[in-house]
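Quick notes on the structure that follows.
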Amino acid sequence: MAAEGLHVYAHDHRGHGSTSAPDAPLKRFARSRGGPKLVADAFAVQDHAEIEHPGLPILVFGHSMGGLVAVNHAAAYGPRLAGLAVWNSHLALGLEERVAILALKVEKALKGSDVPSALFMRATIDTWSRAIEPRRTPSDWLSHDAAAVDRYIDDPLCGWAPTISMAEDLVALVRTGHHAANASALPPGLPVHLLGGSADPATDEGRGVERLAAMLRLAGSRDVTLAIVPGARHETLHETETYRAKGIASLVGWLDRVLPRE
């Protein structure tokens with residue numbers, strides 16, 4: 001994106017190791033209401049960018065969990081945005097969500113909120129890992145690029161199990177993100193770029209991204225671009241060039257339309 005002439009600001013999520021806050025120890029967003037605080041952090045980054053570059057249009061890009069943040073952010077601050085891009089992320093609906101809420105409540109009652117959520121790991125990372133056959137490592141669901149997968153495995157700030165508290169906050173972000181009132185809060189004309197991979201188990205092989213597109217359109221969004229990269233796994237930005245190039249080309253084409261070059 002920087003190569004395309006954009007000023008890029010990265011939001012380092014609270015509780016992920018490099019950004020500290022009084023109420024956000026590692027593996028927790030906050031001691032309470034972590035989801036809204038995470039979204040507020042994203043807006044603080046946007047506010048900082050607007051101060052440094054007054055008058056320039058603002059785009060928000062979110063991948064995976066960051067996509068949950070981006071959708072909630074756009075629902076709250078959409079009128080100040082020129083575009084929203086969400087990659088490899090989907091908003092679960094119905095029974096799956098209700099079961100997760102109930103199960104996490106039981107797990108918290110038994111263990112407390114500050115311990116790793118074994119239930120969350122089994123329902124997500126472990127399940128996605130088993131979906132890839134054959135696999136070299138349990139993290140192959142992320143990418144075909146062995147070097148990228150190895151960097152992830154070797155990074156102590158990657159691959160850890162979130163606490164029960166963080167898992168509850170993530171489920172809450174999903175819930176608010178797909179709630180009809182929240183989706184309808186997006187400005188109808190806000191350009192949205194959604195991208196998924198057809199071999200990404202975390203988004204039901206891209207079908208979750210397609211459902212997100214349908215949900216936004218049903219809620220009134222008139223400008224939703226959807227791209228599913230055939231064969232791509234979860235980390236499109238860290239995929240082999242065969243898949244990554246297709247994702248980047250889709251994004252650049254969208255950017256050229258949303259932000260015409262002067």
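Each residue of the sequence shown is one higher than the one before, starting from 1 at the first, in the UniProt record's numbering. Even for Gly, the Cβ is constructed at its ideal location relative to N, Cα and C. As the structure is a prediction and not an experimental result, all values here were calculated from the model.
Per DSSP, the continuous alpha helix (DSSP H) segment holding L212 begins and ends at 207–218. When DSSP states are grouped into helix, strand and coil, F29 belongs to the coil group. The alpha-carbon separation between A167 and L68 amounts to approximately 13 Å. Within the same chain, and ignoring the five residues on either side of E239 in sequence, the residues whose Cβ sits closer than 7 Å to its Cβ are S143, H144, D145, A232, R233.
Shown here for T19: same chain residues with a beta carbon closer than 6 Å to its own, the five before and five after excluded, namely D12 in chain order. In the three-state reduction of the DSSP assignment, I153 falls in the helix class.
Closest option to P191, judged by alpha-carbon separation, among V224, W87, F43: V224. Under the DSSP assignment, V8 falls outside any alpha helix (DSSP H); it carries neither an H nor an E label. Nearest to A24 by alpha-carbon distance, out of D114, G189, S64, is D114. About 12 Å separates the beta carbons of G177 and L38, which is beyond the 8 Å limit, so they are not a contact pair. Beta-bridge annotation (DSSP): I51 is not paired with any residue. With fewer than 16 other CB atoms across the displayed protein chains lying within 10 angstroms of its CB, K105 is exposed. T124: not part of any beta strand (DSSP E); DSSP gives it neither H nor E. A85 sits in a strand when the DSSP states are folded into three classes. Pairing I228 with G253 gives a Cβ-Cβ distance that is not under 9 Å.
Taking I153 as reference, the option from R207, R130, A82, P138 with the minimal CA-CA separation is P138. The segment 122–130 makes contact with the segment 196–205, as at least three CB pairs between them are under 8 Å. Taking the C-beta atoms as reference points, A214 is found no nearer than 9 Å to A75.
Beta-carbon to beta-carbon, L157 and H16 are separated by about 6 Å, close enough to satisfy the 8 Å threshold. Residue state for P116 is assigned as strand, using DSSP reduced to three classes. DSSP places A249 inside the alpha helix (DSSP H), whose first and last residues are 241–258. In terms of Cα proximity to W87, the closest of L237, A249, T242, R257 is L237.
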